[in-house]
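S.K.: Here it is, the structure, as structure tokens.
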Amino acid sequence: MKRVLPWLLPTLVAPALGAWLYVLIAANVVSLPIRVPTFAWLIAGVIASSLASVVGVMMAATDVALLKLKLREPPTGWRVWLMGIAAPMPVLFAWQKLVRYAITGWPQLFISFFLPMFAVAIVLRVVLGTRPATWR
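Counting in this note's numbering, the sequence shown runs from 698 upward without gaps.
Right under this line is the structure:
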């Protein structure tokens with residue numbers, strides 16, 4: 698349990714922090730119309746953090762798969778926090794761009810929802826992850 702907790706807790710919590718950060722930046726950069734209530738970013742944050750929980754689970758599954766294949770070790774420390782906070786930003790950005798394809802049918806919805814999460818998890822874990830001890 699001591700070896701799992703420094704990896705699993707940030708993997709599941711940091712994407713929610715990153716999602717809130719993305720929503721906060723988007724709410725301040727994009728000017729909202731006058732009729733939109735000021736707490737609209739709170740609603741967006743709740744929705745984004747619930748989607749970020751799926752990103753966290755996807756990253757944990759990616760870590761387990763990469764560990765099983767002996768390609769990467771699960772990150773710990775500042776790396777896992779950095780990856781977790783950074784992960785929702787490209788995913789939410791990709792969802793904004795892919796939303797027009799998602800309304801054409803269920804397969805497109807499934808692909809446009811899970812493909813960005815899977816791609817970001819793989820890229821972050823492979824690029825910023827640590828190699829197994831057997832490779833050193």
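Think of the CB as a built atom: it goes at the ideal place given N, C-alpha and C, for glycine as much as any other residue.
Find the nearest neighbour of MET756 within the set TRP803, TRP704, PHE790, LEU766, judged by alpha-carbon distance.
M.R.: Comparing Cα positions, the closest option is TRP704.
S.K.: In angstroms with no decimal places, state the Cα-to-Cα distance between LYS765 and PRO712.
M.R.: Using only the alpha carbons, I get a separation of about 23 angstroms.
S.K.: Could you tell me whether the Cβ atoms of LEU779 and ARG822 are closer together than 9 angstroms?
M.R.: Contact: no.
S.K.: According to DSSP, simplified to helix, strand and coil, what is THR773?
M.R.: Coil at THR773, not helix or strand.
S.K.: TRP717 and GLY742 look like a contact to me (Cβ under 8 angstroms); what is the Cβ gap, rounded to whole Å?
M.R.: TRP717 to GLY742, Cβ: 5 angstroms. Contact.
S.K.: Helix, strand or coil: which one does DSSP assign to THR827?
M.R.: Strand.
S.K.: Could you pull the start and end residues of the alpha helix (DSSP H) that LYS765 belongs to?
M.R.: LYS765 -> alpha helix (DSSP H) spans 737-765.
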